[in-house]
Amino acid sequence: MPRIRPTVKIKSDLKGLTKLRNVVKKQASMVADVGHFGNKQHNEDNESIAEISLINQQGTSKIPARPYMLIALESPAFLKEYNKSVERVATGKSTITKELSNLSDALKQIMIGVIETSFNLVPNAPITIELKGSNRPLIDTGTLVSD
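To convert, count from 1 in the sequence shown and add 1; that's my numbering.
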């Protein structure tokens with residue numbers, strides 16, 4: 002009895018996959034800076050805005066951490082924007098550079114929202130409330146949201 006051997010030819014177009022791989026490789030080397038940088042001084046003391054931001058983010062032995070940057074970065078709103086950006090880049094509807102700029106802007110706005118609702122974080126100590134006149138932990142002069 003003769004044997005029948007089916008022959009199957011599979012054609013695949015890997016151009017899209019190759020393009021996606023190249024986009025991911027390029028993206029891995031690109032960064033967007035979001036936060037407070039440099040030596041710009043806070044109006045009321047000798048600390049830079051970057052130092053004040055770091056103290057608020059990480060805390061000290063006397064000041065509890067209020068990680069507004071991390072909260073913003075891990076927020077559902079930012080993750081949704083991030084996923085949309087990845088999709089736009091992967092499908093060729095946008096560039097990495099444009100999406101990094103968009104993500105930086107989105108993250109900045111989310112961080113401002115976290116700062117403005119910082120009463121949800123660790124509250125100020127009673128003495129701090131008395132000195133500041135409010136219980137808005139990350140807002141004293143408004144510098145973190147305006148710079």
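Every residue, glycine too, gets a C-beta built ideally from N, C-alpha and C.
Fair warning: this is a prediction, and the values are worked out from it, not measured in the lab.
Which listed residue (the options) has its alpha carbon closest to that of residue i
i: Ile116; options: Ser102, Pro127, Ile72, Leu80; result: Ile72
i: Thr129; options: Ile64, Leu108, Lys109, Leu74; result: Ile64
i: Asn74; options: Ile56, Ala107, Asn47, Glu88; result: The residue you asked about is not Asn; residue 74 is Leu in the sequence shown. With distances taken between Cα atoms, Leu74 lies closest to Ala107.
Nearest-angstrom beta carbon gap, residue j and residue i [assumed within contact, 8 Å]
i: Ser76; j: Ile111; result: 6 Å
i: Gly60; j: Ala66; result: 3 Å
Close-in-space but distant-in-sequence residues of the same chain around residue i (CB under 8 Å, 5 per side omitted)
i: Gly93; result: Lys20
Spatial distance of residue i from residue j (CA atoms)
i: Phe79; j: Asn23; result: 24 Å
i: Glu82; j: Gly114; result: 15 Å
i: Pro124; j: Lys26; result: 43 Å
i: Leu132; j: Ser30; result: 46 Å
i: Asn47; j: Gly134; result: 22 Å
First and last residue of the uninterrupted alpha helix (DSSP H) at residue i
i: Thr98; result: 97-117
i: Pro77; result: 77-91
i: Ala73; result: 69-74
i: Ala51; result: 50-59
Contacts around residue i, its chain only, beta-carbon distance under 7 Å, and the 5 residues preceding and following it disregarded
i: Asn103; result: Ser86
i: Lys1; result: Since the first residue shown for the chain is 2 and the last is 148, residue 1 is missing from the structure and cannot be characterised.
i: Ile56; result: Ile64
i: Pro127; result: none
Chain-order list of residues whose beta-carbon lies under 6 Å from that of residue i (same chain, five-residue window excluded)
i: Gln58; result: Pro68, Met70
i: Ser105; result: Ala33, Val35
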